[in-house]
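**Q** In the order they appear, the protein sequences are chains A and B. For what it's worth, this note's numbering labels the leading residue of the first sequence as 346, then goes sequentially. For what it's worth, this note's numbering labels the leading residue of the second sequence as 8, then goes sequentially. Yeah, the Cβ is synthetic: ideal placement off N, Cα and C, and Gly gets one too. On a predicted model such as this, the values are computed, not experimentally measured, just so you know. Would you mind keeping the following structure in view while I ask a few things?
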Amino acid sequence: KAGVTQTPRYLIKTRGQQVTLSCSPISGHRSVSWYQQTPGQGLQFLFEYFSETQRNKGNFPGRFSGRQFSNSRSEMNVSTLELGDSALYLCASSLGTGGLYTEAFFGQGTRLTVV
Amino acid sequence: QKEVEQNSGPLSVPEGAIASLNCTYSDRGSQSFFWYRQYSGKSPELIMFIYSNGDKEDGRFTAQLNKASQYVSLLIRDSQPSDSATYLCAVKRGTGNQFYFGTGTSLTVIP
């Protein structure tokens with residue numbers, strides 16, 4: 346059973362540019378969440394998509410957006426990149442609608458460096 | 008105040024000892040609690056979760072939950088060098104799959 350696949354693994358972008366990250370969840374999983382991981386802040390929740398609808402959203406500026414397709418694959422977009430956006434972006438795949446005991450399976454992440 | 012707080016460590020224990028990792032959370036509405044392990048350069052992987060007060064054991068790992076004190080812990084018995092990693096505490100509440108993570112505790116098991 347394939348795991349969560351994130352592409353690309355590494356990205357280097359210049360300030361002001363935009364970037365799109367992709368995530369393919371585990372087959373059968375309909376929930377995809379995105380997290381930003383930095384050394385100082387740890388994992389911070391960006392948003393969650395379920396059945397192509399954004400269900401939850403964290404406290405990030407509107408420059409961060411996402412979407413989910415009918416096959417559950419998800420993309421995350423960051424516009425007008427800032428140096429502080431440099432981080433590891435993790436995608437998490439979950440099976441169900443969000444029961445309290447539903448775990449998240451993480452992809453390997455995309456390491457974004459903004460220069 | 009952060010949703011989930013952990014001592015960042017580093018925590019060092021000798022091989023074979025018990026490692027104790029602690030976590031506190033601020034929202035009393037939190038209902039389920041997860042421990043993830045993250046090796047350097049890798050993604051987090053689930054160790055176990057707990058949702059009832061008391062202890063839950065899984066092999067060498069024991070999770071402990073005290074909702075009155077808003078406290079979760081993870082004990083690792085017979086620690087091995089392969090347990091050296093960062094341990095992340097996460098809580099969940101309400102609907103959806105939103106997790107609130109602590110910043111993690113770095114554990115080193117010394118052979």
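Along the chain, which unbroken stretches of the beta strand (DSSP E) at least 3 residues long are found entirely within the stretch 392-427 of chain A?
**A** Correct list: 398-402, 409-413 and 419-423.
**Q** Between residue 390 of chain A and residue 381 of chain A, what straight-line distance do the alpha-carbon atoms span, to the nearest angstrom?
**A** Computed Cα separation, rounded: 7 angstroms.
**Q** Residue 81 of chain B bridges to which residues according to DSSP?
**A** Answer is B:28 and B:70.
**Q** Please report the distance separating the alpha-carbon of residue 372 of chain A from that of residue 36 of chain B.
**A** Computed Cα separation, rounded: 31 angstroms.
**Q** Can you have a look at residue 83 of chain B and say buried or exposed, based on whether 16 or more other CB atoms are within 10 angstroms of its CB?
**A** Its Cβ being crowded by 16 or more others within 10 Å, residue 83 of chain B is buried.
**Q** Just to confirm my understanding: we take residue 80 of chain B, look at its own chain, exclude 5 residues before and 5 after, and list those with CB closer than 6 angstroms. What are they?
**A** Correct list, in chain order: 29 and 71.
**Q** On the DSSP letters alone, give me the boundaries of the beta strand (DSSP E) that residue 107 of chain B sits inside.
**A** Unbroken beta strand (DSSP E) run through residue 107 of chain B: 106-108.
**Q** Identify the contact partners of residue 32 of chain B in chain A, using a Cβ-Cβ distance below 9 angstroms as the criterion.
**A** Correct list: empty, because the minimum Cβ distance to chain A is about 14 angstroms.
**Q** Note down, in chain order, each residue of its chain lying with its Cβ closer than 6 angstroms to the Cβ of residue 456 of chain A, except the 5 sequence neighbours on either side.
**A** Taken in chain order, the residues that qualify are 355 and 433.
**Q** Taking all protein chains shown into account, decide if residue 347 of chain A is buried (16 or more other Cβ within 10 angstroms of its Cβ) or exposed.
**A** By the neighbour-count rule (16 or more Cβ atoms within 10 Å), residue 347 of chain A is not buried but exposed.
**Q** Would you please state the rounded distance, in angstroms, between the beta carbons of residue 459 of chain A and residue 360 of chain A? I believe it to be under 8 angstroms.
**A** With 8 angstroms as the limit, residue 459 of chain A and residue 360 of chain A qualify as a contact, their Cβ atoms being about 6 angstroms apart.
**Q** Can you give me the start and stop residues for the beta strand (DSSP E) that residue 378 of chain A sits inside?
**A** Note, residue 378 of chain A: beta strand (DSSP E), 376-383.
**Q** Between residue 58 of chain B and chain A, is the shortest Cβ-Cβ distance under 8 angstroms, so that the two count as touching?
**A** At least one chain A Cβ lies under 8 angstroms of residue 58 of chain B.
**Q** Whole angstroms are fine: how far does the CA of residue 38 of chain B sit from the CA of residue 413 of chain A?
**A** Their backbone Cα atoms lie some 27 angstroms apart in a straight line.
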